[in-house]
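Asker: Okay, here's the structure, questions in a sec.
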């Protein structure tokens, strides 16, 4: 795990925020006061460069919140997704909150078979299901519905799992609409 030199190389994550107060934004594209960004690709607003399935650079209970919008679907549903959720659970302090958004597989299936959509529109829906392939990372390895995501979260130990309309935190894919239909499954859970 490397820290982006543009934001203070060498500083340990625990020195940038008090233990239990880190607000980690996985895959963030928008810098917001109080949030630290972890991304697979370096960039001027990225605090930590690395993969979300290895949060070993963070201490147990070091995060008050973790936010991941349209990230988990890029992980293999058999090993990577459960490993990542275990890591997120570990770094959250007791009572800490996970906010996660993923493409809503159920809604995308409904859109795909909607007879009002033409072939080009259905092709765009397929890309939302499987990834846009704009970078080597833009491939989806898991399709998640509320039931599937809830089962993964319960398995790890999360509680108070609920679907929400939107988070109101970042201007990102969690608010994405297609054919005037929200296509993001937004879920909050507590450790």
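Numbering (the numbering used here), first residue to last: 3 to 193.
Each residue gets a CB set at the ideal place from its N, CA and C atoms; glycine is no exception.
Here the structure is a predicted model, which is why all the values come from computation and not from measurement.
#1: Is it true that the CB of residue 120 sits closer than 8 Å to the CB of residue 32?
#2: For the pair the segment 154-168 and the segment 83-94, tell me if three or more CB-CB distances fall below 8 Å.
#3: Between residue 49 and residue 118, what straight-line distance do the alpha-carbon atoms span, to the nearest angstrom?
#4: How would you label residue 78, buried or exposed, when you count the other beta carbons within 10 angstroms and need 16 or more for buried?
#5: Quick check on DSSP: helix, strand or coil for residue 7?
#6: Between the Cα of residue 91 and those of 179, 127, 56 and 41, spot the shortest distance and give me the residue it belongs to.
#7: Determine the DSSP secondary structure at residue 123, reduced to helix, strand or coil.
#8: Would you call the segment 157-173 and the segment 133-144 in contact, with 3 or more CB pairs under 8 Å?
#9: Measure the C-alpha to C-alpha separation of residue 38 and residue 98 and round it to an integer number of angstroms.
#10: Which value, in whole angstroms, describes the spacing of the CA atoms of residue 29 and residue 105?
#11: So what does residue 187 bridge to, in DSSP terms?
#12: Can residue 42 and residue 100 be called in contact, C-beta distance under 8 Å?
#13: Within a Cβ cutoff of 8 Å, which residues of the same chain sit near residue 162, ignoring the five residues on either side of it in sequence?
#14: Are the Cβ atoms of residue 131 and residue 145 separated by less than 8 Å?
#15: Going by the DSSP bridge assignment, what does residue 27 pair with across the sheet?
#16: Would you call residue 116 buried or exposed, if buried means 16 or more other Cβ atoms sit within 10 Å of its Cβ?
#17: Count the other C-beta atoms from every protein chain shown that fall within 10 angstroms of the C-beta of residue 15, then say buried if there are 16 or more, exposed otherwise.
#18: Looking only at DSSP bridge pairs, what is residue 180 linked to?
#19: Between which residues of its own chain and residue 63 is the CB-CB distance below 6 Å, once the five residues before and five after are set aside?
Answerer: This is what the structure holds:
#1: For this step, residue 32 is matched to residue 30 along the chain shown. For this step, residue 120 is matched to residue 118 along the chain shown. No, these two residues do not count as a Cβ contact at 8 Å.
#2: A contact between stretches requires three or more CB pairs, one per stretch, nearer than 8 Å, and the segment 154-168 meets this requirement with the segment 83-94.
#3: As a first step, residue 49 is located in the chain shown; it is residue number 47 there, counting from the start. As a first step, residue 118 is located in the chain shown; it is residue number 116 there, counting from the start. Taking the CA atoms as reference points, residue 49 sits about 44 Å from residue 118.
#4: Counting from one through the chain shown, the residue named residue 78 turns up at place 76. Exposed, since its Cβ has fewer than 16 Cβ neighbours within 10 Å.
#5: Counted from its first residue, the chain shown places residue 7 at position 5. Per-residue confidence for residue 7 stands at a pLDDT of 37, beneath the threshold of 50, marking its modelled position as unreliable; the derived number appears in the next sentence. Three-state DSSP puts residue 7 in a helix.
#6: Sequence index remark: in the chain shown, residue 91 carries index 89 (1-based). Measuring from the Cα of residue 91, the nearest candidate turns out to be 56.
#7: Taking the first residue of the chain shown as 1, we reach residue 123 at position 121. Helix.
#8: no
#9: Residue mapping note: residue 38 aligns to position 36 of the chain shown, counting from 1. Residue mapping note: residue 98 aligns to position 96 of the chain shown, counting from 1. Going by the C-alpha atoms only, they are around 16 Å apart.
#10: The sequence position of residue 29 within the chain shown is 27, counting from 1. The sequence position of residue 105 within the chain shown is 103, counting from 1. Cα to Cα, residue 29 sits roughly 15 Å from residue 105.
#11: The count along the chain shown starts at 1 and reaches residue 187 at position 185. Looking at the DSSP assignment, residue 187 forms a beta bridge with 104.
#12: As a working note, residue 42 is residue 40 in the chain shown. As a working note, residue 100 is residue 98 in the chain shown. Result no, Cβ atoms of residue 42 and residue 100 do not sit closer than 8 Å.
#13: Along the chain shown, read from residue 1 onward, the residue named residue 162 stands at position 160. These residues qualify, in order along the chain: 190, 191 and 192.
#14: Here the question's residue 131 lines up with position 129 in the chain shown. Here the question's residue 145 lines up with position 143 in the chain shown. It is a contact, given that the beta carbons lie within the stated cut-off.
#15: By one-based count along the chain shown, residue 27 stands at place 25. Paired residues: 39 and 69.
#16: Within the chain shown, residue 116 is the residue found at index 114, counting from 1. Counting of Cβ neighbours within 10 angstroms places residue 116 among the exposed residues, the total staying below 16.
#17: For the purposes of this step, residue 15 is identified with residue 13 of the chain shown, where counting begins at 1. Any reading at residue 15 needs caution, since the residue's pLDDT is 40, under 50, leaving its predicted position unreliable; the model's value is listed next. Classification for residue 15: buried.
#18: Residue numbering aside, residue 180 sits at position 178 when the chain shown is read from its first letter. Residue 180 pairs with 183.
#19: The residue labelled residue 63 in the question sits at position 61 within the chain shown. Counting only Cβ-Cβ distances below 6 Å, and skipping sequence neighbours, we find 22 and 95.
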